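Okay, structure first, notes after.
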Amino acid sequence: MNNSQTQTSQSLTPHASNSCGLRAAPEALLDSEQGRVDRAPLDGLAGKSILNPRQFDRRTIVALSQLAARLETRNVEMDKPLDGKIAITAFFEPSTRTRLSFESAVQRLDGKVLSVPDGQVTGIAKGESLADIGEMFNTYGDVVIMRHPVTESIDEIRRNLQRPLINAGNGSGHHPTQALIDWYALLKWRPELRLPNCPESARIHLGIIGTPGSMRAVKSFLRLSLMFLGAVKKITLISELADPVGLDLTEPIEQSPIPIDITNDAQDVLPHLDVIYVNSIAFLGDSYRNLDSRYKLDGSSQLKSDAVIMHPLARNEELSVELDDTPHNLYFAQAAGAVFLRQALLAAVLDRLNRISDI
Amino acid sequence: MNNSQTQTSQSLTPHASNSCGLRAAPEALLDSEQGRVDRAPLDGLAGKSILNPRQFDRRTIVALSQLAARLETRNVEMDKPLDGKIAITAFFEPSTRTRLSFESAVQRLDGKVLSVPDGQVTGIAKGESLADIGEMFNTYGDVVIMRHPVTESIDEIRRNLQRPLINAGNGSGHHPTQALIDWYALLKWRPELRLPNCPESARIHLGIIGTPGSMRAVKSFLRLSLMFLGAVKKITLISELADPVGLDLTEPIEQSPIPIDITNDAQDVLPHLDVIYVNSIAFLGDSYRNLDSRYKLDGSSQLKSDAVIMHPLARNEELSVELDDTPHNLYFAQAAGAVFLRQALLAAVLDRLNRISDI
Amino acid sequence: MNNSQTQTSQSLTPHASNSCGLRAAPEALLDSEQGRVDRAPLDGLAGKSILNPRQFDRRTIVALSQLAARLETRNVEMDKPLDGKIAITAFFEPSTRTRLSFESAVQRLDGKVLSVPDGQVTGIAKGESLADIGEMFNTYGDVVIMRHPVTESIDEIRRNLQRPLINAGNGSGHHPTQALIDWYALLKWRPELRLPNCPESARIHLGIIGTPGSMRAVKSFLRLSLMFLGAVKKITLISELADPVGLDLTEPIEQSPIPIDITNDAQDVLPHLDVIYVNSIAFLGDSYRNLDSRYKLDGSSQLKSDAVIMHPLARNEELSVELDDTPHNLYFAQAAGAVFLRQALLAAVLDRLNRISDI
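Printed below as a string of C-alpha cells:
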C-alpha cells in the first residue's frame with residue numbers, strides 16, 4: 186500500500202501549460218513571498234458562499250493566487266485534500282468549458298462530482314422551484330457550483346440551501362471565479378501588481394473592450410480591478426455605448442480613486458494600453474449579442490510591444506488566432522491557470538487547507 | 186497515510202438536515218433497538234434486483250431504515266464500503282433529482298458512477314434494443330439503476346442483464362426506492378410504527394391524495410403501507426376517480442385486513458388524518474397530468490395539529506410553500522433521508538455490509 | 186486500513202461475461218504465452234495518441250490483447266493503476282455505449298472522468314473552435330477521448346492539444362479502438378491467429394458485409410486484418426457497391442499479399458466464411474444509412490457449422506436475435522471484451538503499466 190502510494194506521487198504527469206503565447210510562470214508569484222501563502226484571508230473563506238466579487242479584497246485575491254501558484258507548481262493529488270467531499274455542478278445554463286474546469290479542479294483534489302450538464306433539458310423541470318432544488322441539494326453534496334441564466338437565481342436557491350454556493354455565472358449578474366482567474370494571470374505575469382506600493386514602471390493602464398453592464402465576466406473583472414489601487418493607474422472602457430457601466434458598478438467606480446474614462450475609439454487608445462481585456466459575449470436578456478466588429482483585435486492591431494491581451498474565452502471573431510503565437514497572448518496562460526485558482530478556492534471554501542502539505 | 190486517513194474521518198462535514206419543517210431524527214429509530222441493525226433480511230438482498238415493492242416485507246423495510254439511520258448518524262466515508270464498485274445510472278426518462286440522489290448515495294460510499302442523464306437524447310438510439318443495452322451493461326458496471334418511461338422496460342433489459350437492477354421508476358409501474366424512503370421518514374417520525382403491536386395511540390389514519398393506479402410513487406407507497414398491519418389503522422384514498430386503485434393493487438387491497446375507503450371530498454376527511462401523502466404527477470401514457478386543483482394543501486387546510494404531510498417531490502401547486510415552515514412539513518425530512526436509505530439499499534444489494542463498521 | 190484493502194481485493198465481484206453465445210475465454214490467449222505479456226510494444230505507446238489503425242502492427246495488437254486478457258482474468262482494482270489521472274470523454278457525436286465503455290475502463294483502473302455526453306447540445310458552442318477546446322483541455326485532463334462527426338476534427342483539436350488523444354470515431358474516418366476490440370475477440374476465440382506461422386487448419390476466410398469506405402468501424406477492422414498475414418487467408422467484401430473500399434484503403438489493399446475479392450451476392454459466399462463481420466451503420470455525410478436488407482443474417486442463413494459472426498453493435502435488423510443463443514454468436518463476447526481492451530490501451534498510453542502487478 187505504502188509503496189504504491191509513493192509511486193503515485195513520483196510518477197504523476199507534470200501539469201501542462203499553454204501551447205503557445207506567454208507563459209505566466211507561477212514561480213514568479215511565489216518567489217516574491219518566499220513561497221509563503223497568506224493563510225488568514227483563506228481561512229476566512231471556510232464555509233462561505235462565493236457570490237459577488239465585492240466580497241473579496243486585494244489581500245484575499247493575492248492569497249488565493251499564491252495558493253493557486255503553489256498548486257500549479259507541484260502535484261498535491263497525493264494529499265487528496267477533498268477526499269470525501271462532493272461538489273454539485275448545477276448548470277442550468279450549459280457551459281461545458283466552465284463545468285469541466287470546476288469538475289477538473291474538484292477531481293484533481295480527489296473530491297467527487299455530481300454533474301448536471303444541462304439543467305434545462307435533463308429533467309429539473311416539472312415546475313420545480315430553485316428553492317426546492319436547494320433543499321434537496323443539502324443532502325446530496327457539500328458545495329454547489331451553479332450557473333443560471335437568471336440573475337436572481339442566486340437568491341432563490343439560497344432560500345433553503347445550507348451548503349456553500351459558488352456562483353459560476355448568473356444571468357447578467359456576476360462571474361466572480363472568472364475574475365479571480367483573470368487576476369491570477371495578471372499577478373503571475375507581473376507580480377509587482379500585488380503590492381499597494383507597486384513601482385511606477387510596473388503600473389498598468391488597463392483597457393476593457395466591452396460592456397460591463399451587460400457582460401458578467403467583464404463586470405466582475407472590472408470590480409476586482411478597482412481593488413488594485415496603486416497598481417492600476419488608469420482604466421479605459423472601450424464601448425459603442427455612451428454608458429457601458431451599468432447600475433451595479435456606478436457607485437464603486439465613482440468612489441474609486443482610479444481614473445476611469447470611456448471611449449468608443451478603440452484604435453486611438455489601443456497603443457497606450459498595457460493590458461487589453463476583451464470578451465465576446467454580451468448577455469442581453471435571453472439572447473447573446475456579438476461584439477461590434479470595430480473592436481476586433483488581430484495581427485494588424487497597434488499594440489505596445491509589451492502589451493498583453495486577456496480574454497475569458499470562448500472567443501469569436503473579436504480576437505484573431507493571428508495573435509495566438511505572439512507575446513501579446515496572455516489569454517492562453519489565463520485559461521491554463523483556471524483549474525488551479527478554482528482548486529485553491531474550493532479547498533478554502535470546503536475548509537480543507539490543512540490537508541494540503543507545505544503551504 | 187494513516188494520519189491522513191484519520192484526519193479525514195475527524196474533519197468530515199456533518200450531514201445537513203432539512204432547512205425547515207419537522208426534523209425526523211434518526212436517533213429515535215436507533216435507540217428503539219439499542220442501535221442494532223437486523224442483519225438477516227439485509228443479507229438476503231445481496232445480488233438481488235429491486236423491482237417491485239411486493240418483494241419486501243415489514244422486517245426488511247424496518248431493517249433498511251435502521252441501517253439508513255446508522256448511516257445518517259455517523260460518517261462512514263472512511264469505510265469506503267463500495268470501493269471498486271461501479272453503478273450505472275441509466276435514465277431513459279430524465280430525472281435530475283432522482284439521478285443525483287442515487288449518484289450521491291453511491292459516491293458517499295466511495296463507489297463510482299457511470300451516468301446516462303438522458304438516454305433518449307444522448308445517444309442510446311440507432312434502433313438499439315434494451316436487451317442489447319443490458320448485454321453491454323454486464324461488463325460496464327456492477328449494478329444498474331434505471332428509470333424508463335415504459336412499464337415493460339424492466340423485463341426487456343433483464344433479458345440479458347446479469348447484474349442487479351434497481352428500478353428507479355418504470356412508466357406507470359413502480360418506484361420501490363421512493364416508497365422505502367417514504368417509510369424511512371415515517372419510521373423516524375414515529376418509531377412505534379415498526380412494531381406489529383404498535384400502541385393504539387401511535388397508530389395512523391393514512392390519507393393518500395392521488396391515483397395509485399397511474400402514479401407509480403403513490404402506488405408503491407400504498408403497497409408498502411399494506412405491510413404495516415397494526416400500525417396503519419385505516420387508509421383513505423382521496424381521488425376524483427371512482428376507482429383510483431388500478432389492477433396491480435386490487436388483489437393486495439382486497440386481501441388486506443387494513444380498512445381502505447375512497448372519497449372525492451378532501452375537505453371532509455382531511456381533519457381526521459394523521460398522515461397525508463400527496464403527489465403532483467400522474468403518469469398517463471406519454472404525458473403528465475397535474476392533480477385536480479380541489480386537492481391542494483395550503484395554510485388554510487384543516488389539519489389535525491399533529492398531522493404530517495408527505496410528498497415525494499418535485500411539487501407543483503398542490504402543496505403550498507406556506508406549509509414549509511410548519512410542523513406539518515414532513516416532506517423536507519422525507520427528502521433529506523433519501524440519500525441514506527439509498528446508501529443502505531446499495532450496500533446490501535452489492536453485498537458490502539461487511540465493509541461498514543459497527544452495524 | 187491494510188485489512189480493509191485486503192478485503193477489497195478478495196470480495197470483488199468476478200467480471201461478468203456475455204449472457205449467451207460463444208464465451209471467448211481470455212485464458213486461452215494467456216496460456217499460449219505462459220501468461221507473459223509482451224511489454225516492449227506496449228511501452229512504446231506511452232504518451233502516444235491513438236488516431237488511426239495504421240499506427241499499429243501485429244505485435245502491438247497481440248500484446249494489447251494479452252494485457253486485456255490479463256485484466257479480464259483477474260481484478261486489478263486494488264492496484265489502482267490510473268490513480269490521479271483524469272480522462273476527458275468528449276463526445277461531440279453522442280454515443281452512450283462507447284462513452285460508457287471508455288468511462289468504465291478508466292474507472293475500473295481508478296482513474297477519474299470528465300464527461301461531455303453531448304458536445305453539440307450541452308454548451309461547447311458560442312462559435313468556439315476545436316483548436317481552442319484542445320487548448321483548454323490541456324489543463325483539465327491527462328488524456329482526451331473524442332468522438333466527432335467531422336473527419337478532420339482530429340487534426341483541428343490537436344493543433345493546441347498537448348495531451349494524448351484517443352480517437353473514438355471521427356466522421357467517416359476511423360475507429361481504431363473498436364478494431365482492436367474486434368481483434369481481441371478473434372484472438373481469444375482462436376489464439377493461433379496471433380502466429381505468423383498460423384497452422385493451415387486455423388486460418389480464416391473473412392467476410393465483411395458492408396462498405397469500408399463509408400463505415401469507419403468496418404474500415405478500421407479491415408485495416409488491422411491486413412496485418413495478420415498467414416492467419417487471414419482470404420478476405421471477401423460483401424457490398425452492393427462496385428467499389429466499397431474507399432480511398433483510404435486502396436493502397437494498403439493493393440499492397441497486401443492477402444487475396445481480397447468483392448461480391449454483391451451474400452448468399453453465395455456465406456457458406457464458405459469462417460468469420461462474418463457485419464455492421465449496421467453507414468456514415469454518409471450527415472446522415473446514416475441502414476444496410477441493404479439483402480444482407481441480413483438470421484437463423485436461416487447458410488453458415489459453416491463453426492463460423493462466427495462479429496458485429497460492433499448497436500445492431501438493427503441486419504442481425505437477428507435468433508442468432509444470439511447459437512455458437513455463431515461471437516458478437517456478445519466481442520462486446521464483453523471491450524472494456525478490458527480499452528483498459529489495456531489506457532494503461533499503456535498513460536504510462537501506468539508499472540502499476541499493474543504481475544504482468
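Chains as they are written, first to last, in my numbering: chain S, 186 to 544; chain G, 186 to 544; chain L, 186 to 544.
Ideal Cβ positions, reconstructed from N, Cα and C, are used throughout, including at glycine.
Computed from a predicted model, the values in this text were never measured in an experiment.
For G:Lys297, list the residues DSSP reports as bridge partners.
G:Ile271
Tell me which residue opens and which closes the alpha helix (DSSP H) that S:Thr324 is part of.
315-325
Check the Cβ-Cβ distances between L:Asn260 and every residue of chain S, and say whether any is below 8 Å.
no
G:Leu488 and G:Leu504: beta carbons closer than 8 Å?
no
Using three-state DSSP, classify L:Val222 as helix, strand or coil.
coil
Beta carbon of L:Ala209, beta carbon of L:Ala518: below 8 Å?
yes
Taking only the alpha-carbon atoms, compute the straight-line gap between L:Gln153 and L:Val301 and give it to the nearest angstrom.
Residue 153 of chain L cannot be examined here, being either before or after the span of chain L that is shown, 186 to 544.
Less than 7 Å between the CB of S:Leu365 and some heavy atom of the ligand PLP, yes or no?
Because no ligand of any kind appears in the structure shown, any question about the ligand PLP cannot be addressed here.
Can a CB atom of chain S be found closer than 8 Å to the CB of G:Asp542?
Here residue 542 of chain G turns out to be Ser, not Asp, going by the sequence shown. G:Ser542 does not count as touching chain S.
Is it buried or exposed for G:Thr435, if we count other Cβ within 10 angstroms and need 16 for buried?
exposed
Contacts around S:Ile246, its chain only, beta-carbon distance under 6 Å, and the 5 residues preceding and following it disregarded
Trp368
To the nearest angstrom, report how far apart L:Val579 and G:Leu256 are at their CA atoms.
Residue coverage of chain L in this structure runs from 186 to 544, which leaves residue 579 of chain L outside it and unanswerable.
CA-to-CA distance, L:Val329 to G:Ile394, given in whole angstroms
51 Å
How far does the alpha helix (DSSP H) with G:Gly522 in it reach, from first residue to last?
516-534
I need the DSSP call for G:Arg332, collapsed to helix, strand or coil.
strand
Where does G:Asn382 sit, in a helix, a strand or coil, going by DSSP?
coil
Could you say which of L:Leu422, L:Leu372, L:Leu315 lies nearest to L:Leu350 if we only look at CA atoms?
L:Leu315
Please classify G:Glu502 as buried or exposed, where buried requires at least 16 other C-beta atoms within 10 Å of its C-beta.
exposed
Can you name the residues of chain L whose CB is closer than 7 Å to the CB of S:Glu439?
Within 7 Å Cβ-Cβ: nothing; S:Glu439 doesn't reach chain L, min ~33 Å.
Mind pulling the chain G residues with CB within less than 9 Å of L:Val524?
Thr324, Tyr325
Counting only the same chain and skipping the five closest in sequence on each side, list residues whose C-beta sits under 8 Å from that of G:Asp471.
Only weak support exists for where G:Asp471 lies, its pLDDT of 48 falling under 50; the coordinates are left without a value.
For a contact meaning CB atoms closer than 7 Å, what does G:Ala520 contact in chain S?
Glu320, Met321
Please report whether the beta-carbon of G:Lys297 lies at a distance below 8 Å from any beta-carbon of chain L.
yes
Using 8 Å as the threshold, is the segment 486-500 of chain S in touch with the segment 449-463 of chain S, meaning 3 or more CB pairs across them?
yes
Helix, strand or coil, according to DSSP, for L:His457 in the structure here?
helix
G:Thr396 versus G:Val534, G:Val463, G:Gly232, G:Leu538, residue with shortest Cα-Cα distance:
G:Val463
By DSSP's criteria, S:His496 is part of a beta bridge. Which residues make up the other side?
Partner(s): none; S:His496 has no beta bridge.
Sorted by chain position, which residues of the same chain lie with C-beta nearer than 7 Å to G:Ser441's C-beta, five sequence neighbours on each side aside?
Leu411
Quick one: Cα of L:His513 to Cα of S:Val524, how far?
50 Å
Scan the segment 357-377 of chain S for residues whose Cβ lies nearer than 8 Å to a Cβ of chain L and list them as they occur along the chain.
none
Would you grab the beta carbon distance between G:Leu508 and G:Leu267 for me? Rounded to a whole angstrom, and I think it's under 8 Å.
36 Å between Cβ atoms; not a contact.
Judging by CA-CA distance, which residue of S:Ala253, S:Phe287, S:Gly304, S:Ile273 is the nearest neighbour of G:Gln292?
S:Ile273
Taking the DSSP output, what are the residues bridged to S:Gly392?
S:Thr421, S:Ile461
Does the segment 348-367 of chain L come close enough to the segment 397-410 of chain L to have 3 or more Cβ pairs within less than 8 Å?
yes
Going by DSSP, name the residue or residues bridged to G:Thr511.
Paired residues: none, contrary to the question.
Looking at chain S, is there any beta carbon in it that lies within less than 8 Å of the beta carbon of L:Val301?
yes
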